[in-house]
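One structure is given here, and the rest of the page talks about it.
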Amino acid sequence: PPFPPPPPSRPLMSTWFTRVHWADQLRRRTVEHYEVSRRILKSIIHNTDLPQPIRRAAVEELAAQPKNASATRVRNRCVMSGRGNGVLSDFRVSRIVFREMASQGLLPGVTKKR
Numbered sequence: 004p005p006f007p008p009p010p011p012s013r014p015l016m017s018t019w020f021t022r023v024h025w026a027d028q029l030r031r032r033t034v035e036h037y038e039v040s041r042r043i044l045k046s047i048i049h050n051t052d053l054p055q056p057i058r059r060a061a062v063e064e065l066a067a068q069p070k071n072a073s074a075t076r077v078r079n080r081c082v083m084s085g086r087g088n089g090v091l092s093d094f095r096v097s098r099i100v101f102r103e104m105a106s107q108g109l110l111p112g113v114t115k116k117r
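Sequence positions in the sequence shown follow the working numbering and run 4 to 117.
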């Protein structure tokens with residue numbers, strides 16, 4: 004779901020956020036592009052019934068792919084601030100932005116503990 008714009012008291016986007024966001028999007032596209040071939044190669048590598056030269060060739064082919072093709076390189080980032088730590092995955096915002104938005108009533112269904 005789209006989130007409302009950040010409060011006017013904070014700058015909209017810094018160049019750091021733009022650069023980090025762009026790099027993260029590029030990583031996500033790369034992972035998506037290589038996902039099928041990586042799964043096939045990994046299944047060949049882990050299949051012990053296949054001869055060793057075929058498995059070795061699959062290892063070399065997997066190693067030849069870009070580093071960013073691995074899904075572990077993708078990091079959950081806050082969509083508002085670009086922060087990489089303390090991101091609540093359900094809302095895709097950091098704990099700091101979450102608290103600000105919740106206190107302003109911008110997150111439907113979120114209330115303070117009573």
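Just so it is clear, CB atoms sit at the ideal spot from N, CA and C, and this is done for glycine as well.
A quick note: this is a predicted structure, and the numbers were derived from the prediction, not measured.
One or two residues paired with residue i in a DSSP bridge
i: Val34; result: Partner(s): none; Val34 has no beta bridge.
i: Val39; result: None; Val39 has no bridge partner.
i: Ser97; result: Val90
Separation of residue j from residue i, as counted between CA atoms
i: Ile47; j: Leu53; result: 8 angstroms
i: Ser97; j: Trp25; result: 18 angstroms
i: Gly108; j: Asn88; result: 23 angstroms
i: Ser84; j: Asn50; result: 43 angstroms
Given residue i as reference, the closest of the options once Cα atoms are compared
i: Ala72; options: Val62, Ser92, Phe94 and Tyr37; result: Tyr37
i: Lys70; options: Arg102, Asn50, Arg41 and Arg80; result: Arg41
i: Ile43; options: Arg86, Asn79 and Val62; result: Val62
i: Glu64; options: Gln28, Lys45 and Arg31; result: Lys45
Residue i (DSSP reduced to helix, strand or coil)
i: Gln68; result: coil
i: Ser46; result: helix
i: Leu29; result: helix
i: Met104; result: helix
i: Val62; result: helix
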